[in-house]
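Engineer: Residue numbers (the working numbering): 13 to 364. No residue lacks a Cβ here, since even glycine has one placed at the ideal position from N, Cα and C.
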Ligand code: SF4
Ligand code: SF4
Ligand code: SF4
Ligand code: FES
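As structure tokens, then:
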């Protein structure tokens with residue numbers, strides 16, 4: 013680490029080797045506008061919104077891709093930089109006007125159109141457009157490349173972070189696209205349906221199918237919690253609207269997963285309201301399951317447990333409890349196994 017400071021908007025920062033101007037600025041509480049940047053992957057420096065001026069350089073530099081050096085004097089915001097950002101946004105928006113974005117109209121404002129509003133910009137360069145919606149029959153992800161701005165956050169996250177390499181940039185110019193190998197559907201690709209591409213996409217190009225039309229962002233209450241499916245314990249936000257869990261997004265601040273999830277955490281929460289969940293005991297009578305009162309079910313279980321213990325001893329039992337139950341329920345389960353039945357054969361599906 014250098015002890016010679018750099019100046020960002022007049023604020024002294026001590027450069028760390030390998031750190032970009034953008035990272036140093038954000039660490040110092042100075043925000044720089046970005047669109048193609050995701051801190052978890054290598055920068056692509058494609059949107060040019062993060063341009064800053066460095067004293068002594070003739071041209072502005074992309075702060076996401078330029079390493080900060082001792083002695084640099086950097087300006088992140090002045091009227092000229094802001095006018096360039098407006099012009100760039102105007103170009104991007106000419107292909108992606110706010111009125112055509114399904115994410116904005118059916119879920120909540122996307123990053124691009126939020127920025128457009130902030131800068132007071134709309135698309136004003138009419139002409140040819142690129143991309144179109146793909147009829148991809150996968151159950152989770154809408155791929156509307158008519159809204160794509162080719163920032164490549166999705167392909168970098170898919171390759172570098174998820175290591176799936178399911179989607180890659182394809183083509184040139186107005187034929188540029190995001191495609192799987194042989195340009196097929198995600199179900200025929202190495203996609204793991206981690207949902208990371210949806211989460212990083214700053215536009216309505218990639219959307220969670222289940223979320224469309226369910227509730228607007230302002231109607232959603234986000235509940236921060238832990239994914240119940242396995243022992244990794246990823247941080248998630250449950251999106252609750254009308255008393256129902258309608259979706260999941262990763263908790264970006266959770267140290268365990270830092271915004272990543274797997275298919276179960278991302279898309280597997282519909283079990284919560286599934287009509288197939290058991291709500292009454294079922295006892296097999298004459299070969300078919302029949303609803304029964306709780307007392308009858310408990311009597312039957314207790315009788316069978318006693319018989320097995322008498323005939324084969326307590327270690328004939330093995331108990332397996334669920335990570336989808338509460339900690340208290342899991343505690344009671346091990347207590348029941350050890351203190352009531354008398355065996356240490358107790359395990360939990362979270363111990364993976
Ligand atoms: S869901 Fe995950 S694996 Fe599939 S394309 Fe998106 S990032 Fe890649
Ligand atoms: S699909 Fe989204 S994340 Fe991927 S390149 Fe297009 S705009 Fe960027
Ligand atoms: S099931 Fe997936 S999302 Fe859930 S905690 Fe485990 S790894 Fe994380
Ligand atoms: S965020 Fe740096 S070029 Fe896009």
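If you scan the region 309-355 from start to end, which runs of the alpha helix (DSSP H) of 4 or more residues do you find wholly inside it?
Structural biologist: Taking only runs of at least 4 residues, the alpha helix (DSSP H) segments lying wholly in the region 309-355 are 339-347.
Engineer: Could you tell me whether the region 216-235 touches the region 150-164, using the rule of 3 or more Cβ pairs below 8 Å?
Structural biologist: The region 216-235 vs the region 150-164: in contact.
Engineer: Taking just the CA atoms, how far does residue 302 sit from residue 296?
Structural biologist: Looking at the two C-alpha atoms, the distance is approximately 6 Å.
Engineer: Go ahead and label residue 333 buried or exposed: buried means 16 or more other beta carbons lie within 10 angstroms of its beta carbon, across all protein chains shown.
Structural biologist: Flag for residue 333 reads buried.
Engineer: Among all the DSSP beta bridges, which residues are the ones paired with residue 181?
Structural biologist: Its beta-bridge partners are 190.
Engineer: Indicate the three-state DSSP secondary structure (helix, strand or coil) for residue 269 in the structure shown.
Structural biologist: The answer is coil: DSSP assigns residue 269 none of H, G, I, E or B.
Engineer: My output table needs one value for residue 67: the three-state DSSP class, helix, strand or coil.
Structural biologist: Three-state result, residue 67: coil.
Engineer: Can you check whether the CB of residue 358 is closer than 7 Å to the CB of residue 331?
Structural biologist: Cβ distance < 7 Å, so residue 331 and residue 358 count as in contact.
Engineer: If we require 3 or more residues per run, which beta strand (DSSP E) segments fall completely within the region 202-257?
Structural biologist: DSSP runs (the beta strand (DSSP E)) wholly in the region 202-257: 218-220, 233-238 and 247-253.
Engineer: If you follow the alpha helix (DSSP H) that residue 107 is in, where does it begin and where does it stop?
Structural biologist: Note, residue 107: alpha helix (DSSP H), 91-107.
Engineer: Who are residue 296's beta bridge partners in DSSP?
Structural biologist: According to DSSP, residue 296 bridges with 301.
Engineer: Exposed or buried, which one is residue 136 when buried takes at least 16 other CB atoms within 10 Å?
Structural biologist: Result: exposed.
Engineer: I'd like to confirm something about residue 114: is its beta-carbon nearer than 6 Å to some heavy atom of ligand 2, or not?
Structural biologist: Residue 114 Cβ: outside cutoff for every heavy atom of ligand 2.
Engineer: How long is the line joining the alpha carbons of residue 49 and residue 299, rounded to whole angstroms?
Structural biologist: Taking the straight line joining both Cα atoms gives about 60 Å.
Engineer: If you follow the alpha helix (DSSP H) that residue 38 is part of, which residue opens it and which one closes it?
Structural biologist: From DSSP, the alpha helix (DSSP H) with residue 38 extends over 33-39.
Engineer: Distance, Cα to Cα, residue 189 vs residue 181?
Structural biologist: C-alpha separation (whole angstroms): 6 Å.
Engineer: What is the residue span of the beta strand (DSSP E) that residue 24 lies within?
Structural biologist: Segment 23-25, the beta strand (DSSP E) holding residue 24.
Engineer: Under 8 Å Cβ to Cβ from residue 38, same chain only, skipping five residues before and after it: list those, please.
Structural biologist: Contacts found: 44.
Engineer: May I ask which residues mark the beginning and end of the alpha helix (DSSP H) holding residue 275?
Structural biologist: Per DSSP, residue 275 belongs to the alpha helix (DSSP H) from 275-279.
Engineer: Could you give the first and the last residue of the continuous alpha helix (DSSP H) run that contains residue 19?
Structural biologist: Taken as a continuous stretch (DSSP letters only), residue 19 belongs to no alpha helix (DSSP H), being part of the beta strand (DSSP E) at 18-20.
Engineer: Identify whether residue 261 lies in helix, strand or coil by the three-state DSSP scheme.
Structural biologist: Residue 261 falls in the strand class under three-state DSSP.
Engineer: Below 8 Å, how does it come out for the region 344-362 and the region 316-331: are there three or more Cβ pairs, yes or no?
Structural biologist: Touching, yes, given that three or more Cβ pairs across the two stretches are closer than 8 Å.
Engineer: Rounded to the nearest angstrom, what separates residue 65 and residue 86 at their Cα positions?
Structural biologist: The alpha-carbon atoms of residue 65 and residue 86 are separated by roughly 6 Å.
Engineer: Go ahead and pull the three-state DSSP assignment for residue 282.
Structural biologist: In this structure, residue 282 counts as helix in the three-state DSSP scheme.
Engineer: With 16 other CB atoms within 10 Å as the buried threshold, where does residue 107 fall?
Structural biologist: The residue in question, residue 107, is buried, as its Cβ has 16 or more Cβ neighbours within 10 Å.
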